[in-house]
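Trainee:
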Ligand SMILES: [Zn+2]
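Residue numbers (my numbering): 3 to 60.
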């Protein structure tokens, strides 16, 4: 898998309730801070869940 860095846009396997599956990585670490490209909501997701759910890098 590619290295995940802040600023990258990723497509996730799981869709956000708003219908978007694209997320912007804002901060990496034990938890990733991510922003939904559809509705702009910010979430914290554990690194392992992010790695498991990434479909592709955009
Ligand atoms: Zn959303």
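Just so it is clear, CB atoms sit at the ideal spot from N, CA and C, and this is done for glycine as well.
1. Would the C-beta of residue 35 count as close to ligand 1, meaning under 7 Å from any of its heavy atoms?
2. Residue 20: buried (16+ other C-beta within 10 angstroms of its C-beta) or exposed?
3. Taking only three categories from DSSP, how would you classify residue 51?
4. With a cut-off of 8 Å, does the C-beta of residue 7 fall near any C-beta of chain B?
5. Beta strand (DSSP E) containing residue 13: first to last residue?
Mentor: Concretely, from the data shown:
1. Answer for residue 35: no, Cβ out of range of ligand 1.
2. Under the 10 Å beta carbon count, residue 20 is surrounded by fewer than 16 other beta carbons and is classified as exposed.
3. Helix.
4. Protein chains in the displayed structure number just one, and chain B is not present.
5. For residue 13, the enclosing beta strand (DSSP E) begins and ends at 11-14.
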